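Which chain is which? The protein sequence lines are A and B, in order. All residue numbers for the first sequence refer to the numbering used here, where the first residue is 295 and numbers rise by one. All residue numbers for the second sequence refer to the numbering used here, where the first residue is 288 and numbers rise by one. No residue lacks a Cβ here, since even glycine has one placed at the ideal position from N, Cα and C. From a predicted model like this one, the values you see are computed outputs, not experimental measurements. The structure appears below as structure tokens.
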Amino acid sequence: MSKTKEPALYGIGAEFNSAKDVYEAAQKIRDLGFIRWDVHTPFPVHGMDQAMGLKRSRVSLISLLGGITGSLTALTLIFLTSADYRHLIPEWFPVTLIPSYPLIVHGKPFFAFEPSFPIFFELTILLTAFGTVLGLLCFGAIPRLNHPVFNWERFSRVTDDKFFIVIEATDPKFDEVKTRELLHELGGSQISLIRHDS
Amino acid sequence: MHSFDLPAPTTTEGLDLIERRPLVGSKRGYAWITEKFSRIVEQKAPFWWWVAVLITGFIASLVPLTLAYQVSTGVGVWGLNNPVFWAWDITNFVFWIGIGHAGTLISAILFLTRQKWRTAVNRSAEAMTIFAVICAGIFPAFHVGRVWFAWWLFPIPNANVIWQNFKSPLLWDVFAVSTYFTVSLIFWYIGLVPDLATIRDRATSKIKKFLYGIFALGWRGSNRQWSHYEKAYLILAGISTPLVLSVHSVVSFDFATSVIPGWHTTIFPPYFVAGAIFGGFAMVLTLLIPCRWIFNLKDVVTDKHIDNMCKIVLLTGTIVGYAYLMELFIALYSGNPFEQWVFLRNRVADPFIFGPLMGVPPAPYWWAYWAMMICNVIAPQFFWFKKIRKNLLAVLIIVMFPNVGMWYERFVIIATSIHRDFVTSSWGYFSPTWVDIGLFVGTIGLFTFLFLLFIKFLPMVTMFEVKAVLPEADPHYDPRAHKKKTGDPLVDSNPQLFGGAH
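What follows is the structure, given as structure tokens:
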């Protein structure tokens with residue numbers, strides 16, 4: 295532990311008392327052209343995405359990919375295991391590698407879409423759910439157990455009743471003095487410098 | 288048509304009168320919500336909790352004990368016989384799965400329909416879903432007899448190149464129930480993450496901070512996270528809605544696709560789903576009303592919440608009653624003598640009124656059929672009266688009837704249809720053995736035991752969602768206009784809280 299150098303600056307944080315205050319402050323910061331900043335709230339504030347100028351979340355794309363994977367998996371699985379296609383496969387192909395296991399049940403066809411539907415449906419749902427969680431973890435950058443904002447002792451109120459705006463030092467418009475003044479003008483209190491871990 | 292030409296309103300005066308009731312009572316704020324529900328998790332468990340955990344844990348131990356006896360001896364220790372090859376096991380399975388459905392209905396369908404009151408009850412209802420599905424899964428898994436072969440139900444490549452029969456509704460059930468459990472668990476956990484972060488941030492001991500911290504995934508309430516979070520939550524709700532409808536439909540296919548009179552019925556899927564929601568809401572009320580008393584939750588789980596849930600019980604109970612009557616009508620109208628025979632002589636004919644009236648001997652299970660009718664069709668009709676819906680004790684007593692009745696419904700469908708069918712020589716009767724009873728009582732203990740653990744270790748109300756439905760959570764909230772409308776005294780006492788002067 296050397297006391298010669300302070301850890302690098304992560305950003306400046308300000309505390310707000312209400313959803314309305316933080317919402318209005320966010321709109322102004324957005325209009326000033328900041329890009330590397332974030333609003334931290336105890337609950338999702340309605341319309342905050344627009345107030346921050348965020349684009350639509352793309353989690354749904356990963357969900358869709360998951361869903362397509364699920365439905366294709368189900369159809370392939372059911373077709374390969376229950377359809378009767380052994381006679382189409384050349385004789386040299388090892389028979390134990392063919393998953394075909396056609397069963398005669400109630401004189402029904404070996405493979406049909408109707409009885410395949412329930413499993414097709416359930417696997418689609420299951421893999422959509424997996425895709426959604428994967429999308430949330432990737433886009434939301436979680437799990438990330440350590441983060442510079444946790445070094446700010448006021449910040450623990452974010453999961454309770456306070457609202458925060460943190461502007462990062464890497465933002466091109468960032469200026470230690472001017473940003474501090476800006477946050478003060480916007481009605482922030484407890485304005486503090488947030489540092490990286492030493 | 289002049290009378291319909293109403294003038295446009297010129298003042299907003301009248302609008303004040305139709306102001307909605309606040310979802311959270313006594314004008315509670317964010318901090319109160321955090322404090323109220325975190326404290327239940329943080330403080331030492333009260334004495335009653337230990338007593339309850341010990342008793343239910345003791346009852347739950349019947350599950351491993353009876354199962355050990357069953358596995359080591361054979362499935363014959365249950366009261367099953369020829370022709371009743373499945374009775375209590377499948378009854379209990381459908382009963383528990385059905386209970387789970389209310390949790391998913393609250394968390395998914397009420398979310399999509401923007402029913403904001405769900406926020407106060409969704410966490411505990413989803414927990415109930417998960418515990419109910421755990422209880423449900425025990426029965427079919429052990430009914431297979433040689434439970435160590437249960438993995439044959441899953442499409443896993445094996446040395447014999449044998450695969451499942453994908454045309455079988457029983458296999459559909461495996462996929463439906465395991466998907467339902469997994470998706471419910473994911474949905475519940477994703478909903479828990481921001482609240483786990485709250486407990487993490489308040490934790491005083493290192494172990495608690497570490498454990499809750501791990502499960503909170505480093506959540507920091509960032510709006511860039513919330514944006515994805517809300518989208519993910521919406522999608523999970525969107526897929527859980529058809530999922531929950533499909534699960535009980537698939538469960539009903541176990542019966543409906545067979546040719547047994549009494550089972551071979553096309554109304555089964557919607558009838559089962561309505562019944563599941565009916566029984567599930569009865570169970571939600573059974574769990575929530577005592578919780579509301581014990582933890583004094585009346586500001587969050589308000590009278591309005593109880594009232595709404597009673598109305599859902601009334602609605603679904605009436606749908607179920609309609610389904611029962613329609614089954615009878617179709618049996619009569621179809622002209623199918625086997626169907627008529629099963630309904631009259633295996634179900635309806637009691638020794639006092641209908642049996643003598645129709646001149647037939649009483650059905651062996653007449654008492655089960657009429658217990659079902661009274662519990663599921665007549666009992667919920669009391670919820671037409673507002674006075675009864677407002678009286679929590681009355682609500683608690685009335686919902687006990689569907690709890691019992693929905694178990695009877697499944698027993699009636701299953702046992703009465705198969706114990707006497709086409710061939711007289713193979714008629715039989717099912718009576719449970721002590722192993723049947725012990726296992727079922729054990730799952731009730733297990734369910735309650737898990738629920739008690741849940742209310743001690745996890746916040747039982749979705750704190751962040753309840754905060755988000757407070758009036759001041761709206762970014763366009765104007766405290767002065769709000770005060771004018773409601774006379775909210777908090778605005779004067781704490782101007783800072785409402786975005787006033789700094």
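Chain B partners of residue i, CB-CB under 9 Å?
i, result
"residue 440 of chain A", "505"
"residue 490 of chain A", "Result: empty, since nearest Cβ-Cβ is about 15 Å, beyond 9 Å."
"residue 429 of chain A", "515, 518, 519, 522"
Does the beta carbon of residue i come closer than 7 Å to any beta carbon on chain A?
i, result
"residue 510 of chain B", "yes"
"residue 488 of chain B", "yes"
"residue 801 of chain B", "The requested residue 801 of chain B does not occur in the structure, where chain B is confined to residues 288 to 789."
"residue 762 of chain B", "yes"
"residue 485 of chain B", "yes"
"residue 454 of chain B", "yes"
"residue 264 of chain B", "Summary: the structure shown does not reach residue 264 of chain B, with chain B confined to residues 288 through 789, and so no result is reported for it."
"residue 321 of chain B", "yes"
"residue 339 of chain B", "no"
"residue 548 of chain B", "no"
"residue 318 of chain B", "yes"
"residue 526 of chain B", "yes"
"residue 419 of chain B", "no"
"residue 441 of chain B", "no"
"residue 777 of chain B", "Bear in mind that the predicted position of residue 777 of chain B carries a pLDDT of just 48, short of 50, making it too unreliable to give a figure here."
"residue 607 of chain B", "no"
Can you tell which of the options has its C-alpha closest to the C-alpha of residue i?
i, options, result
"residue 454 of chain A", "B/693, B/762, B/753", "B/753"
"residue 536 of chain B", "B/644, B/464, B/363", "B/464"
"residue 556 of chain B", "B/447, B/569, B/314, B/539", "B/539"
"residue 389 of chain B", "B/310, B/318, B/626, B/573", "B/573"
"residue 695 of chain B", "B/348, B/383, B/352, B/318", "B/383"
"residue 252 of chain B", "B/747, B/312, B/360, B/315", "Since the first and last residues shown for chain B are 288 and 789, residue 252 of chain B lies out of range."
"residue 521 of chain B", "A/319, A/423, A/411, A/400", "A/423"
"residue 356 of chain A", "A/480, A/418, A/321, A/438", "A/418"
"residue 391 of chain B", "B/374, B/412, B/372", "B/412"
"residue 452 of chain A", "B/447, B/457, B/483, B/558", "B/483"
"residue 317 of chain A", "A/306, A/406, A/343", "A/343"
"residue 463 of chain A", "A/307, A/420, A/341", "A/307"
"residue 344 of chain B", "B/416, B/602, B/424, B/738", "B/738"
"residue 652 of chain B", "B/639, B/675, B/688, B/699", "B/699"
"residue 380 of chain A", "A/334, A/408, A/392, A/442", "A/392"
"residue 351 of chain A", "A/490, A/458, A/445, A/430", "A/430"
"residue 459 of chain A", "A/299, A/328, A/302", "A/328"
"residue 390 of chain A", "B/446, B/325, B/442", "B/446"
"residue 352 of chain B", "B/713, B/759, B/731, B/722", "B/722"
By the criterion of Cβ-Cβ separation under 7 Å, what are the contact partners of residue i in chain B?
i, result
"residue 395 of chain A", "448, 449, 450"
"residue 437 of chain A", "504, 505"
"residue 420 of chain A", "466, 469, 470"
"residue 341 of chain A", "762"
"residue 317 of chain A", "762"
Closer than 9 Å by beta-carbon distance: list the chain A residues that pair up with residue i, in chain order.
i, result
"residue 648 of chain B", "The contacting residues do not exist; residue 648 of chain B stays about 35 Å from chain A at best."
Could you name the residues of chain A that residue i contacts, counting a contact when the two beta carbons are closer than 7 Å?
i, result
"residue 517 of chain B", "338"
"residue 355 of chain B", "Per Cβ cutoff of 7 Å: no residues; residue 355 of chain B is ~32 Å from chain A at best."
"residue 755 of chain B", "337, 338"
"residue 523 of chain B", "423, 426"
Heavy atom of the ligand MG less than 6 Å from the Cβ of residue i, yes or no?
i, result
"residue 332 of chain A", "Looking at this structure, you won't find the ligand MG or any other ligand, since it has none at all."
Strictly below 8 Å CB to CB, what residues from chain B border residue i?
i, result
"residue 334 of chain A", "507, 508, 509, 510"
"residue 433 of chain A", "515"
Determine, using beta carbons only, whether residue i comes closer than 7 Å to chain B.
i, result
"residue 304 of chain A", "no"
"residue 447 of chain A", "no"
"residue 486 of chain A", "no"
"residue 372 of chain A", "yes"
"residue 455 of chain A", "yes"
"residue 495 of chain A", "Summary: the structure shown does not reach residue 495 of chain A, with chain A confined to residues 295 through 492, and so no result is reported for it."
"residue 409 of chain A", "yes"
"residue 365 of chain A", "no"
Give me the Cβ distance between residue i and residue j, rounded to the nearest whole Å; I'm assuming they're in contact under 8 Å.
i, j, result
"residue 404 of chain A", "residue 377 of chain A", "5 Å"
"residue 613 of chain B", "residue 631 of chain B", "Incorrect: roughly 16 Å between the Cβ atoms, too far for contact."
"residue 506 of chain B", "residue 436 of chain A", "7 Å"
Run down chain A in chain order and give the residues with a C-beta less than 8 Å from the C-beta of residue i.
i, result
"residue 459 of chain B", "412, 413, 416"
Indicate whether at least one CB of chain C lies closer than 7 Å to the CB of residue i.
i, result
"residue 423 of chain B", "Among the protein chains of the structure shown, namely A and B, there is no chain C."
| message | List, from N- to C-terminal side, the alpha helix (DSSP H) runs of 4 residues or more that fit wholly inside the region 299-387 of chain A. | response | 313-325, 342-346, 353-376
| request: Go through the region 479-515 of chain B residue by residue and report every complete run of the alpha helix (DSSP H) that reaches 4 residues or more, in order. | output: 493-502
| query | What residue ranges within the region 575-620 of chain B form continuous beta strand (DSSP E) runs of no fewer than 3 residues, ordered along the chain? | reply | none
| task | At 4 residues or longer, and completely inside the region 677-723 of chain B: list those alpha helix (DSSP H) runs for me, N to C. | result | 679-698
| request: With a floor of 3 residues, list each beta strand (DSSP E) that falls wholly inside the region 367-451 of chain B, ordered by position along the chain. | output: none
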